[in-house]
Structure formats: structure tokens, C-alpha cells
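Trainee:
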């Protein structure tokens, strides 16, 4: 078994499973900071050397920065420089109307300082409401920062093809689009993947395991409803509800388990493999606070799904109610039950709370 890699752009190689950072931001239960940082080394040594974070995931850029600095001190630059960091730039909703270019630069500089690196491998940008302000002009500074060498490549997050087209038309070289994609949520197949192939954009997928719902833990479990302290679970329980009744979700878990048993791997490994096999998908983000589930994650690369495996899974997917529509369409409606759980203003005062955008 070896972890697969791919290139987003020439010279920008990533592991096809990316270690997600949202679960380290404190909204998923207590985090042992020192243990989490130590465990990052296990991922790198296993071949998962790409890390995902965000300017608004409280404390996560700093944690990765401390890890990289410690790795450099103990094992040298050749090991530390293997770590590839993808972050995000998400200006506050309340600032979109008057955001200045120098403020965008300041956010990028802050991420560099937190991460203790000279160049951000990937900055994935997002604008909560494109009817407010001028996103293309405000984020145009990112192209200049790329020329300066502060940013290697640019991506987007939580946009479908229509908003991204604006930036392509404005001369942005968009290497990737980070979107929610799983056996539960196949909205990227509704046109985005085809557009991405035509525009040399690769998909980086989060929500692959639906915040932990697509694991053995929930197999044959009773419906928990929607009352969770963890907003990630609320978010993905809502997606399950779009997919269909709880029993249909259980049918999906049973199908994944049947395929996993065939290959002697976890159902989550099958679910991750399914995402990696979709057209235009470069990588899948698997969130983790620690390394305890790393062996199951690595099983993803022990599986090659056959047509009869897809037939078992598709027998359930073909009956799914949804989710329907564009990527982030449900969540982008701030008045909807999906949109109401988000937190929209965490960049100006990023320590106030934890962002609810990603899984």
C-alpha cells in the first residue's frame, strides 16, 4: 500500500487524501493540542503530507505552524518542506461591501505568520454573497500576491461553476475547487465536474465521511435526530435528511459494509475510495483530531472498486431523494435550516467562535 499523489499544477504535488483541520478548531469537543500536533507527524510519515486549514478555523493554522517548525528543528528542512498546506481566505459577511485590497493582503500575511512558512501552497477563497461589494476586484490582489511568491496557487471553496466563471473570465488561474462530495452528497456531479474538466480545475472534496456518520459507529444505530452539541454533526445530519429517511441511510451503510467486507477494509475506506474515483476529483479531505483512525484511512489505498461493487452501492444511491441542485445551494441560503447553523463573521475576530462551513 502506498498513498496516491497527484499534481494540482506542475510542481504542486498533493496526497490524494488530505488531513482536514476543521475538527481541531474546538467546536467538536475538547482538543489536546500537544497530542494533536504530535500526531500530525504520523500522517506525514504515512504519506498523507497535505494539510487543509483556514484563516477562520480558530487556532488551526498556528497548530500546523508549530508542527512544521518542530519538524524542521528535529528532522531538518527536507522533511519539513514535504508538508503541503492548503488554507482558505474567507472575508466576513459584514465586510464584503467595503473590503479593501490591503485587508486581503493582511489576511494572507497573517496566515503566513501563523503557519511559519514563506509561501502558502494553496489559498482557497470564498465570498459569502457575490451581490455584496466586488469580489473580483477585492480578490484581485491574490493574483499579485501569487506573482510576489506569497501564494503558489489559487483555489475556491463552496462555489459551483457560475460564480467561479466570473473569476476565470477575470484572469484567475483556479487550480482547484473545494466542495462537499460524498456518497451522500453528489451535487458536484450536477455540472460542476464537467465544467471543471473544461477549465482545468480539480476538485478537492470535503464531507467525504459526513463528519463521521459514514463509519461503522453509525451502522445499525437508531436515528439520533438533530440535537447535537457538535455543529458538524448537525450539518451532516441535515444532509442525511436530504438523502432520505434514516433507514435509507442505513441501507447505504450496509452496502458500503458489504463491499468493505469483500476487501477486508472499513466501510469508510470504501466511501473514500468512491469519492476518489469520481471524475475530476484530485483528493478527499478526511478530518481528524488525532491519528487513531489513520489505519482505516490508509485502507482507502488497498481498495480498487469493481463494477459489481458499484452496482451494490448504486442500488441505494438510485433511490436517494437528494441533495439536489448546485454545490452549496442549500447552505448558501442563509435563511434555510442549512444556512442558519453557519457562522459568517469570524475573520475580523477569528477567536470569537469556530467556523461552520466545512467538514
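Residue numbers (the numbering used here): 2 to 360. From the three backbone atoms N, C-alpha and C, an ideal C-beta is built for every residue, glycine too. Remember, it's a predicted structure, so these values are computed and weren't measured experimentally.
With respect to the beta strand (DSSP E) encompassing residue 241, which residues constitute its N-terminal and C-terminal limits?
Mentor: Locating residue 241 in the chain shown gives position 240, where the first residue counts as 1. Premise fails: residue 241 lies in the alpha helix (DSSP H), 232–244, not in any beta strand (DSSP E).
Trainee: Classify residue 342 as helix, strand or coil using the three-state DSSP reduction.
Mentor: For the purposes of this step, residue 342 is taken as residue 341 along the chain shown, with counting starting at 1. Helix.
Trainee: Should residue 91 be listed as close to the ligand MN, given that the test is whether its C-beta is under 6 Å from any heavy atom?
Mentor: In terms of ligand content, the structure shown is empty, and the ligand MN therefore cannot be addressed.
Trainee: For a test of the three-state rule: what should DSSP assign to residue 287, helix, strand or coil?
Mentor: As a position in the chain shown, residue 287 is number 286, starting the count at 1. Strand.
Trainee: Report the three-state DSSP secondary structure of residue 215 (helix, strand or coil).
Mentor: In the chain shown, residue 215 corresponds to position 214, counting from 1. Coil.
Trainee: To the nearest angstrom, how far is the alpha carbon of residue 211 from that of residue 142?
Mentor: Position 210 of the chain shown, counted from the first residue, corresponds to residue 211. Position 141 of the chain shown, counted from the first residue, corresponds to residue 142. Looking at the two C-alpha atoms, the distance is approximately 34 Å.
Trainee: Expressed to the nearest angstrom, what Euclidean distance is found between the alpha-carbon atoms of residue 326 and residue 125?
Mentor: Walking along the chain shown from the start, residue 326 turns up at place 325. Walking along the chain shown from the start, residue 125 turns up at place 124. Computed Cα separation, rounded: 22 Å.
Trainee: Which residues mark the beginning and the end of the alpha helix (DSSP H) in which residue 315 is found?
Mentor: Reading the chain shown from its first residue, position 314 is the one you call residue 315. Where residue 315 is concerned, the enclosing alpha helix (DSSP H) stretches over 308–318.
Trainee: Check for me: the alpha helix (DSSP H) holding residue 90 runs from which residue to which?
Mentor: Here the question's residue 90 lines up with position 89 in the chain shown. Unbroken run through residue 90 is the beta strand (DSSP E), 85–90; no alpha helix (DSSP H).
Trainee: Does the distance from the CB of residue 306 to the CB of residue 274 come in under 7 Å?
Mentor: As a first step, residue 306 is located in the chain shown; it is residue number 305 there, counting from the start. As a first step, residue 274 is located in the chain shown; it is residue number 273 there, counting from the start. With respect to the 7 Å criterion, residue 306 and residue 274 are classified as neighbours on the basis of their beta carbons.
Trainee: Decide if residue 98 is buried, meaning its Cβ has at least 16 other Cβ atoms within 10 Å, or exposed.
Mentor: Counted from its first residue, the chain shown places residue 98 at position 97. Exposed, since its Cβ has fewer than 16 Cβ neighbours within 10 Å.
Trainee: Who are the Cβ neighbours of residue 357 in its own chain at under 6 Å, not counting the five residues just before and after it?
Mentor: Along the chain shown, one-based indexing puts residue 357 at 356. For residue 357, the pLDDT reaches just 40, beneath the cut-off of 50, and the residue's location in the model is therefore unreliable, leaving the point undetermined.
Trainee: Out of curiosity, what's the CA-to-CA distance linking residue 64 and residue 153?
Mentor: Stepping through the chain shown from its first residue, residue 64 is reached at position 63. Stepping through the chain shown from its first residue, residue 153 is reached at position 152. Those two C-alpha atoms are separated by around 21 Å.
Trainee: Can you give the Cα-Cα distance for residue 259 and residue 223, rounded to whole angstroms?
Mentor: Counted from its first residue, the chain shown places residue 259 at position 258. Counted from its first residue, the chain shown places residue 223 at position 222. Rounded to whole angstroms, residue 259 to residue 223 spans 20 Å at the Cα level.
Trainee: Which of helix, strand or coil does DSSP assign to residue 205?
Mentor: For this step, residue 205 is matched to residue 204 along the chain shown. Here residue 205 sits in strand by DSSP.
Trainee: Is DSSP giving residue 395 helix, strand or coil here?
Mentor: Residue coverage of the chain in this structure runs from 2 to 360, which leaves residue 395 outside it and unanswerable.
Trainee: So, at 7 Å on beta carbons, what are the nonlocal neighbours of residue 45 in its own chain, with the 5 sequence-adjacent residues on each side left out?
Mentor: On the chain shown, position 44 is the one that residue 45 refers to. Counting only Cβ-Cβ distances below 7 Å, and skipping sequence neighbours, we find 83, 84.
Trainee: Within the chosen definition, does the segment 313–325 reach the segment 65–80 through at least 3 CB pairs nearer than 8 Å?
Mentor: no
Trainee: What residue range is occupied by the uninterrupted beta strand (DSSP E) comprising residue 124?
Mentor: In the chain shown, counting from the first residue as 1, residue 124 sits at position 123. If you look at residue 124, you'll find it in the beta strand (DSSP E) that goes 121–126.
Trainee: To test your reading of the DSSP string, which unbroken alpha helix (DSSP H) runs of 4 or more residues are found completely within the segment 19–78?
Mentor: 34–47, 61–76
Trainee: With respect to the alpha helix (DSSP H) encompassing residue 326, which residues constitute its N-terminal and C-terminal limits?
Mentor: Numbered from its first residue, the chain shown carries residue 326 at position 325. It is not in any alpha helix (DSSP H) - residue 326 carries neither H nor E in the DSSP assignment.
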